[in-house]
Each structure stands twice: as C-alpha cells, then as structure tokens.
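Comments concern the structure below.
There are 2 protein chains.
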Amino acid sequence: MGENRGVVVKNDLDPVIAAKLKRTPDGLVAAIVREHGSGDVLMLAWMDDEALHRTLTTGRATYWSRSRQEYWVKGATSGHYQFVRNVALDCDGDALLVTVEQVGAACHTGEHTCFHDELPVVTAS
Amino acid sequence: MGENRGVVVKNDLDPVIAAKLKRTPDGLVAAIVREHGSGDVLMLAWMDDEALHRTLTTGRATYWSRSRQEYWVKGATSGHYQFVRNVALDCDGDALLVTVEQVGAACHTGEHTCFHDELPVVTAS
Numbered sequence: 005m006g007e008n009r010g011v012v013v014k015n016d017l018d019p020v021i022a023a024k025l026k027r028t029p030d031g032l033v034a035a036i037v038r039e040h041g042s043g044d045v046l047m048l049a050w051m052d053d054e055a056l057h058r059t060l061t062t063g064r065a066t067y068w069s070r071s072r073q074e075y076w077v078k079g080a081t082s083g084h085y086q087f088v089r090n091v092a093l094d095c096d097g098d099a100l101l102v103t104v105e106q107v108g109a110a111c112h113t114g115e116h117t118c119f120h121d122e123l124p125v126v127t128a129s
Numbered sequence: 005m006g007e008n009r010g011v012v013v014k015n016d017l018d019p020v021i022a023a024k025l026k027r028t029p030d031g032l033v034a035a036i037v038r039e040h041g042s043g044d045v046l047m048l049a050w051m052d053d054e055a056l057h058r059t060l061t062t063g064r065a066t067y068w069s070r071s072r073q074e075y076w077v078k079g080a081t082s083g084h085y086q087f088v089r090n091v092a093l094d095c096d097g098d099a100l101l102v103t104v105e106q107v108g109a110a111c112h113t114g115e116h117t118c119f120h121d122e123l124p125v126v127t128a129s
C-alpha cells in the first residue's frame with residue numbers, strides 16, 4: 005500500500021488486452037464484482053492497466069483506489085480477500101465482470117454487498 | 005435522441021440523491037444492469053444526474069452515451085427496453101445497481117449479455 009506510482013513498473017498488461025480497453029478520462033475501467041455461486045453483485049471497483057495485470061496474474065482482485073490514489077489488494081488489510089475465478093471484458097471495453105470467491109463481507113461497512121441504498125423508482129411496463 | 009445538452013433542463017434529480025453521488029471526472033456514475041429473475045449481469049452503462057432522474061421517474065432505463073454524447077433510452081431504437089424494477093446506490097456513491105426486466109437481448113451484438121470476452125486468469129486460493 006502507499007506505493008509511489010512513479011516507481012511501480014507500469015503497463016505490464018498484455019498489449020493485446022490493453023488495446024481493447026476504453027478508459028475513463030482518468031485511465032480506469034469499471035470492474036463489476038460478482039460472487040461465484042450466489043451470483044450476487046458485491047461491489048464496483050476500478051482498475052487501471054496495471055491493476056488488471058496484477059488481478060489476472062495473481063488471481064487476487066486488485067484495484068485502483070480513486071480516493072486513496074493507490075493500488076489496493078482487496079482484503080490486504082481486512083482479510084476479506086477476493087479469489088478470482090473468472091474475468092470477462094464487455095463488448096465496448098469499458099467494463100470488466102470479475103467473478104470471485106469472497107472471503108467475509110465485500111463491503112467495508114460489514115454488509116455482504118455495497119448496494120444498500122435503495123432509491124425510489126416509478127416502475128413502468 | 006440527438007438532443008442538445010444545452011437545451012435539456014439539467015439536474016432535475018432530487019438534490020438529496022444528487023448530494024450522494026461521486027462522479028467520474030466527466031460527471032458520470034457507473035450503472036450495473038442486472039436482470040430481474042435470472043440475476044445475470046447484462047451490461048454496464050453510464051448515468052449523469054439527468055439520466056438517473058429520468059430512469060427513476062419513468063421506470064425506463066436511460067443512460068448517457070459516452071460515445072455519442074447524448075441521452076439514450078435503452079430500447080428506443082432496438083425495441084430492447086429495460087423496465088426498471090429496482091435501483092440501489094452503493095456505499096460510496098459511485099455506482100448504481102439497476103435491476104430490470106430486459107426485453108430481448110441486452111447487447112447490441114444480439115447476445116444476452118455484453119460480457120463475452122473472457123480474459124486468461126491465474127486462479128489463486
């Protein structure tokens with residue numbers, strides 16, 4: 005944690021994969037994290053090329069923290085690791101679906117998933 | 005479609021909800037779209053405040069197209085509408101989980117979901 009981005013060897017991601025990515029203005033793709041087995045959507049996190057490279061080559065979900073501006077191995081401080089079973093890129097290259105074995109709670113609040121706050125919606129048909 | 009953003013009345017979103025959002029540098033939150041019933045993760049799209057407002061008040065999933073730079077009612081051209089059953093915001097306000105009844109295929113390629121491209125991953129435990 006607390007790595008200096010300037011020191012980390014950047015862009016070790018396979019260039020064939022890197023060429024498919026469509027990034028946000030700050031160089032990130034969205035990573036939807038789904039639980040293996042239950043299929044529950046646990047959280048959304050962000051990856052730059054290096055975080056995706058680390059995820060694919062270590063099998064431990066690794067993200068880029070927008071708030072802390074550092075790489076973040078999920079579970080490194082909480083013990084709530086995510087062991088990656090599958091990663092799929094979407095048709096336009098701006099999102100990943102990461103299927104994981106989740107240890108403990110996915111959310112830092114202790115909840116199973118991060119999606120607690122239901123918004124009022126008018127249902128149509 | 006093809007609206008001029010300058011003409012659209014912006015920011016009709018409930019200010020209580022707007023205050024919770026943590027947006028990308030271009031003003032967007034990620035919307036994970038999940039199918040009601042199957043629980044399948046169908047796609048990822050993007051919403052600005054106005055797209056979220058329209059989604060919540062019409063019950064039809066409405067996104068901001070980053071490539072076309074316009075609002076986009078899913079299904080308006082394809083007929084593959086998404087009727088919204090539930091919307092939940094995550095704990096840090098940068099992602100929405102939108103549960104929908106999907107008409108037809110979610111992906112413009114005709115596939116059920118947009119996540120076709122499996123990437124090679126080393127699994128750990």
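Residue numbers (the working numbering), protein chains in the order written: chain A, 5 to 129; chain B, 5 to 129.
Ideal Cβ placement from N, Cα and C applies to all residues, glycine included.
Here the C-alpha atom of B:T81 lies approximately 42 Å from the C-alpha atom of A:T62. The way I'd put it, the region 37–54 of chain B does touch the region 15–23 of chain B; three or more beta-carbon pairs between them come closer than 8 Å. Looking at the DSSP output, B:D121 sits in a beta bridge with A:L93. Judged by their CB atoms, A:M47 and A:V37 are nearer to each other than the 8 Å cut-off. For the 8 Å CB-CB criterion, A:L100 and A:A23 do not form a contact.
By the criterion of a C-beta distance shorter than 7 Å, B:V77 is surrounded in its chain by R64, T66, once the five residues flanking it on both sides are discounted.
B:E74 and B:W68 have their C-alpha atoms some 6 Å from each other.
Taking all protein chains shown into account, A:A92 has 16 or more neighbouring C-beta atoms within 10 Å of its C-beta and is therefore buried. Under the 8 Å criterion on CB atoms, B:P19 is classed as non-interfacial with respect to chain A.
For B:D16, not one C-beta of chain A is nearer than 8 Å to its own C-beta. When C-beta distances to chain B are compared with 9 Å, the residues of the region 106–124 of chain A below that value are C111, H112, T113, E115, T117, C118, F119, H120, D121, E122, L123, P124, in chain order. By the rule that beta-carbons nearer than 8 Å mark a contact, A:L25 does not touch chain B. The beta-carbon separation of B:C95 and A:C95, rounded to 28 Å, does not stay under the 8 Å limit for a contact.
By the rule that beta-carbons nearer than 8 Å mark a contact, A:D98 touches chain B. In the DSSP assignment, A:L100 is bridged to A:A35, A:L93. Neighbours of B:D94 in chain A, taken as residues whose beta carbon is under 9 Å from its own, are M47, L48, C111, T117, C118, F119, H120, D121 in chain order. Contact between A:G97 and A:L25 is confirmed by a C-beta separation of about 5 Å, below the 8 Å threshold. Annotated three-state conformation of B:A49 is strand, per DSSP. Setting aside the 5 residues that flank it on each side, A:A110 is surrounded in the same chain by V37, E39, L46, M47, H84, Q86, H116, T117, C118, each with a C-beta closer than 8 Å to its C-beta; the list follows chain order. When secondary structure is reduced to three states using DSSP, B:V107 falls in the coil class, being assigned neither helix nor strand.
A:L60 places its beta carbon less than 8 Å from that of B:V125. By the CB criterion at 8 Å, A:V88 and A:V104 fall inside the cutoff.
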